[in-house]
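Student: First the structure, then my questions, so here it is.
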Amino acid sequence: MDIAKHFALAAFAMALPTAVMAQDAQVKFWLKGAPNNLQGCVAMDPQFTREHTFTLKGGQAEVTMPGNIHIKLKPVRPDVYAGDFELSRMKLNMVADLAATPKSLTITNRDLGCKWMAVKQ
């Protein structure tokens, strides 16, 4: 192989990870509490049953919640992001699944079994 072919192959190999990176996105969700949520979970409904905005920009993912609360999420697999946070002394886990059809956002609490879910309309 001549030098030009080696150079072209090296340039292609370096560009490949950039092509695989997730594209910037913004998705709006309206969460709804699970029908079997306990009273302690239902008390959190006013915070969760309003618009939440998932934003992916420059490889960084976050969800903006009512009250200008920002939750940073980390990639767990392609187009799926998750993060833990605490709100009103309740430990919560958030998962944004952009690989699903339709896209979904889920917030759960393991202590009480609370769950709020949304799909992009």
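Mapping the sequence shown onto our numbering, position 61 (from 1) lands on 804, and the numbers just tick up by one.
Where is the CB? At the ideal position from N, CA and C, for every residue including glycine.
As the structure is a prediction and not an experimental result, all values here were calculated from the model.
#1: Classify Asn811 as buried or exposed, calling it buried when 16 or more other Cβ atoms lie within 10 Å of its own Cβ.
#2: Which same chain residues, not among the five before or five after Phe828, have their C-beta less than 6 angstroms away from its C-beta?
#3: State the Cα-Cα distance for the pair Leu855 and Met787, rounded to the nearest angstrom.
#4: Taking just the CA atoms, how far does Thr849 sit from Met837?
#5: Can you list, in chain order, the residues of its chain with a C-beta nearer than 6 angstroms to that of Phe772? Leave out the 5 residues immediately preceding and following it.
#6: Just mark Val806 as buried or exposed, buried being the case when its beta carbon has 16 or more other beta carbons within 10 Å.
Tutor: Checking against the coordinates, here is how it stands:
#1: By the neighbour-count definition (other C-beta atoms within 10 Å, threshold 16), Asn811 is an exposed residue.
#2: Exclusion of the five residues before and after Phe828 leaves Ile814, Leu835 as the residues of its chain whose Cβ lies within less than 6 angstroms of its Cβ.
#3: Near 12 angstroms, if we compare the C-alpha coordinates of Met787 and Leu855.
#4: Here the alpha carbon of Met837 sits roughly 6 angstroms from the alpha carbon of Thr849.
#5: Cβ neighbours of Phe772 beyond the five flanking positions: His795, Leu848, Ala861.
#6: Classified as buried, Val806 has 16 or more neighbouring CB atoms from the shown chains inside 10 Å of its CB.
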